[in-house]
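5 is the number of the first residue of the sequence shown in the numbering used here; add one for each residue after it.
Beta carbons: idealized from backbone N, C-alpha and C, even for Gly.
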Amino acid sequence: MVKCFSFKSVVLFLFISGLLLLSPRLQTVRAAETFNGFRFVCMDQYYCDDQENRPENGGKCWGEGYYTHRMHLESNVSFEVSDDEIYITECVEVPVQEDSTVEYCTTGDPNLDSQLFCTPEDPGCEAGRGLYNLQNAHHYNGNPIGYNITNVNGNDDYGVHYLQNGNHVEKTPPILVATNANGNLINPVTGERLVIEWQSFTNQGMIRRYLAWDRVTISPDELEGGIGGQQQDDLNFAILSASCEGEGWDPYGYVFDARTLLPVDESNVFIAELNPSGVFDRGYASSQNPLISNPYISAANGFFSFFVEDGDYKLQIEDPQYRTLLPSESTLISVGYDQIYDDIYFADDTIQQRNGQQEHRDIPVYSETPQQPSPLVIMREFTKPNRNGTLTYSGQVSHPFAKLTVDVCEEINNVENCNLYETFTRTNGGPDKRGEFEVILDQRDLEPGQYFRMLFETTDLIAQNNNNLVSRAVHYIASLFAPGEVSAQTRSALAVVEPIPSYLEGYAYDQSGLLIPNALVSIHVDFTNAPIYQKRADAQGHFKITSEFIPQTPYTLAFTGSNGQQSQQKTKLTTAQFLAQNKGFIDVENVNPYVFTTANSDPRRAVTPTYVPDPQISIDPNIVAQNKPSLSPKPEQQTPTETVSQPNSIFLVAAIVLLLAGVVGGLLAIYIYRKRMIEE
């Protein structure tokens, strides 16, 4: 089973396999040209273990290999330029804290990683995000990432494979690929359309996505003057497809509280395998599957995953607060669990892993004393601008059916002022049973300087899932008598969604609020240290960047230069901060930053601004900050605002008896009444 997830600007570089005849040229800048940024396209990805993609079913995938960890990649999107230095990359989303992730991106080769991600100002960045850390760094819970792209447990199918002359070619070291005269990605050996299969391994299930990157290089005169790269016509900077959200795989399941139906995090999930002596043994499972984490510590959403060979297995939970239920205790699981969980696993059940088929199990655990719910965290988020000026905000939170409240906010005198924008639940795009959500935000409603604030809150799953009269009555009566009911803290998590302008025009100011003549303007995304795009402002600090050079992902801006009073410095700011600084210019010049506008379609391409900028403006004290981070309040910071019903089994039985007695009494009364009517 494949889960699609939204990605907060994440990029994974996959270098496609090639023949030994190919020796990639690693030059980063051609002679007499200046590096100016990147363009990239998301490659279409097809998970090879989905039945419709398997070769025996006529699917996209080909060749032999372990399909559970293999992705078939294609691209029908044109770069519109011919180039023989295209990078293919894979990015893995790694949890570095319970409520935050980092994308580690690699070409599969540390030297190519260095060429792609490093800058002259930061030459050592290959140790920060590339292949080295994917192989050697650890998750927040201490487990190694364990990225492997060569050989896994004796299986050497892991690596990059590509199609040549219609035949499956074995993996080769990562190389640079090419585009033809029409800008389409091609096999650099045969000239045929590029088709790749990428097979990699991580110790725990993680989200992956794949991009093809092309460097933008222009002459020094173009960088100093007008719109850089204008000779490349209307090339779209970043073309997003559904595959940009990424995919994850591996057999998986969820640990959940049988009372509340909420996920249980930080439980030790062990796997034991039937050994030759007929005993289920954890040590034997680890020896037969040396790459697994045993135990697997359940994630914020209760998730666990084991990649194991064929055999007979049992799952075992060790948690000081909980125990696994026996089959005879199934009535302890609250009403409505089947709307969230399935393939329920009880203590001592045996799982038969056969023919590499994935096995899914959800594990209910029970505590004699009701437990407070685990913290709600935003596990992943992805913001994509749409051509009509709206934003698609998607991702996953840890708790099922959470409520999402969206406010429109702005900072005035360092005080955040917010107003309600909209509330989203499971019925209109809010989090579903897996916590996955997708909502549309209209950034055209924002005034310059405003942004969206997202507040996710837990809800009472028992009440939500009681969707018939009898179960609601049982729940209500039980809540009247059950001493197990506790006042629980509403878990919440916050995130900020900045606007993503597709057209930038205005003036560059430093952190003191002074104009920066001839500022070097750069655009940055969070998955690479190198700027995505650069250009030079004019002598008044004015600049314009059209849509073909602006990424369709969240980004920040940086202005480098001197205001004449200080030495060179770099000022970093968010898109909302830039728009707030230039509100007067935007209003007077009637600039719409949310209309997709290329250099050729720009109605202002021959317009000289009449607006006279202030030489100094009042400045946001947070102007040097990076993008506002997603944050999840600690449990002790949260206030008790919601009562979560904790059904106690004894009183639940009593409630059911009372309800049935009432029903029987009612039926008896009707019977007596009708009998009397007949007798009369």
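Beta-bridge partners of residue i, as assigned by DSSP
i    : result
Q356 : D316
T105 : P99
N272 : I301, E322
T409 : T427, L459
R384 : Q400
R197 : I190
Q343 : Answer by DSSP bridge pairing: none, since Q343 is not bridged.
P368 : F260
Y598 : DSSP lists no partner for Y598.
P177 : In the DSSP output, where bridge partners are listed per residue, P177 has none listed.
G163 : Q203
C46  : L215
Span separating the alpha-carbon of residue i from that of residue j
i    : j    : result
R384 : T612 : 43 Å
Y51  : M75  : 5 Å
Y288 : M458 : 46 Å
I149 : F311 : 14 Å
R286 : C109 : 34 Å
P555 : I536 : 8 Å
A3   : I382 : It is not possible to answer for residue 3, since the shown part of the chain is limited to 5 through 684.
E277 : V283 : 8 Å
T396 : T579 : 17 Å
R219 : K548 : 20 Å
Y559 : V529 : 5 Å
K437 : P404 : 4 Å
P46  : T206 : A small fix is needed here, since residue 46 is Cys in this sequence, not Pro. Taking the straight line from one Cα to the other gives about 22 Å.
V268 : Q573 : 47 Å
P294 : I211 : 22 Å
S10  : N390 : Here S10 scores only 37 on pLDDT, less than 50, and its place in the model should not be relied on; the value that follows carries that caveat. Computed Cα separation, rounded: 15 Å.
T463 : D342 : 17 Å
E593 : I520 : 20 Å
S82  : G195 : 15 Å
D117 : G134 : 6 Å
I355 : E363 : 8 Å
I348 : N169 : 48 Å
S483 : S334 : Here the model assigns S483 a pLDDT of 45, short of 50, so the residue's position is not dependable, and the following value carries that caveat. Taking the straight line from one Cα to the other gives about 20 Å.
V419 : C413 : 10 Å
I590 : E552 : 20 Å
P377 : E97  : 26 Å
Within 8 Å, strictly: CB atoms of residue i and residue j
i    : j    : result
V525 : Q538 : yes
Y317 : S309 : no
F456 : L445 : yes
T601 : I504 : no
P192 : D113 : no
A262 : P452 : no
T154 : Y162 : yes
S271 : I337 : no
S707 : E107 : The structure shown has nothing for residue 707, since the chain only spans 5 to 684.
F90  : I200 : The amino acid at residue 90 is misidentified as Phe; the sequence shows Ile. Contact flag unset, no.
F274 : D366 : no
R358 : D314 : yes
Q515 : T575 : yes
R448 : G393 : yes
T614 : F121 : no
S402 : A304 : yes
T564 : A523 : yes
F307 : L330 : no
Residue i (DSSP reduced to helix, strand or coil)
i    : result
Y559 : coil
V1   : Since the first residue of the chain shown is 5 and the last is 684, residue 1 is not available in this structure.
Y136 : helix
K539 : strand
S398 : strand
A216 : strand
H546 : strand
G257 : strand
Y288 : helix
L583 : helix
H143 : coil
Q454 : coil
L329 : coil
L577 : strand
Q168 : strand
Y513 : strand
T532 : coil
I527 : strand
Touch check for the region 436–443 and the region 494–503: three-plus C-beta pairs under 8 Å?
no
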